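Mind the numbering: the sequence shown is residues 128 to 361 in the working numbering, read in order. Ideal Cβ positions, reconstructed from N, Cα and C, are used throughout, including at glycine. No experiment lies behind these values; they were computed from the predicted model shown.
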Amino acid sequence: MVDATTTVWITPGQEQAEPTTSEAAKFVETVVPSEPATTEEEKKPAPTTTLVTSVYTPPAPEPTTTEVKEAPKPKVTTYEAPKPVTTTQQYVPEPEPTTVAAAPVASSPAEEEEEEETDDGDSSCGDGGSSAAKSGEFTYYDIGMGACGEDDSGKDETENIVALSHLLMGTVSNGNPMCGKTITIKANGKTTTAVVKDKCMGCAINDIDVSKKCFKEISGDLDAGRIEVEWWFN
Numbered sequence: 128m129v130d131a132t133t134t135v136w137i138t139p140g141q142e143q144a145e146p147t148t149s150e151a152a153k154f155v156e157t158v159v160p161s162e163p164a165t166t167e168e169e170k171k172p173a174p175t176t177t178l179v180t181s182v183y184t185p186p187a188p189e190p191t192t193t194e195v196k197e198a199p200k201p202k203v204t205t206y207e208a209p210k211p212v213t214t215t216q217q218y219v220p221e222p223e224p225t226t227v228a229a230a231p232v233a234s235s236p237a238e239e240e241e242e243e244e245t246d247d248g249d250s251s252c253g254d255g256g257s258s259a260a261k262s263g264e265f266t267y268y269d270i271g272m273g274a275c276g277e278d279d280s281g282k283d284e285t286e287n288i289v290a291l292s293h294l295l296m297g298t299v300s301n302g303n304p305m306c307g308k309t310i311t312i313k314a315n316g317k318t319t320t321a322v323v324k325d326k327c328m329g330c331a332i333n334d335i336d337v338s339k340k341c342f343k344e345i346s347g348d349l350d351a352g353r354i355e356v357e358w359w360f361n
């Protein structure tokens, strides 16, 4: 309830109005009825339904480990050339052959005449060594360090060098009396000379082994390889 009061103001000097009634003035209090209380219940807001949506989130995949195998490195094979083997040729003297004297054979008169002619022809060959002509095989070889003590390597095509059989020269090498002597070689209608500077260990007693230059002067080339010649000391 709210009380309402009416107040009357009288200005000074203003005559007071006389009451219209004889009754004493009453103080009237007017009551203004208040608005009736609302009986309706306050409407509550409708309940709000929250829709909960469950979203399945799969777990993060585990990291995949990939094992990388390293390819085997190719094997590198390095070929190492074998070191050259230096062979030092050491001369080993062979024992002198034992000479067995054969019984003399009777010569016919024709053979005796032939020997005399050969001796006469050999007498013109000059001094030094045996002047008798010898027949044997004629071959060539690569010149190098000779048994007479001289290194003639590289002189195959420039000098006439001869190696006599070890059976003829004997066991002595350096200082051999035949070293340095000159021989004459004859075959195919040609003749040439060569200096003794080496010893042939594989030759028969009357065979000779010469430089390529000397061989070609008799044979013309190296194709024959081996021919029969006649030779003697000068």
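Check	Outcome
Whole-angstrom C-beta distance between Glu-277 and Lys-324, which should lie under 8 Å	6 Å
Chain D within 9 Å of Met-328, Cβ atoms only	Judged by its chain identifiers, the structure shown contains no chain D, having just a single protein chain.
Range of the contiguous alpha helix (DSSP H) that encloses Leu-295	293-296
Top-ranked residue by Cα proximity to Ile-270, from Ala-260, Ser-258, Ser-262, Thr-285	Thr-285
Nearest residue (CA-CA) to Glu-340, options Gly-316, Ile-312, Ile-332, Phe-360	The question names Glu, but residue 340 is Lys in the sequence shown. Of the listed residues, the one whose Cα sits closest to Lys-340 is Ile-312.
Member of Ile-354, Lys-200, Ala-259 whose CA lies at the smallest distance from the CA of Lys-317	Ile-354
Under 9 Å between C-beta atoms of Val-356 and Ala-290	no
Environment of Ile-299 [buried if 16+ CB atoms lie within 10 Å]	With the sequence shown as reference, residue 299 is identified as Val, and Ile is not the correct amino acid for it. Exposed: under 16 other Cβ atoms inside 10 Å.
Opening and closing residue of the beta strand (DSSP E) in which Ile-270 lies	Per DSSP, Ile-270 belongs to no beta strand (DSSP E) and is neither H nor E.
For Lys-340, three-class secondary structure by DSSP	helix
Environment of Ala-274 [buried if 16+ CB atoms lie within 10 Å]	buried
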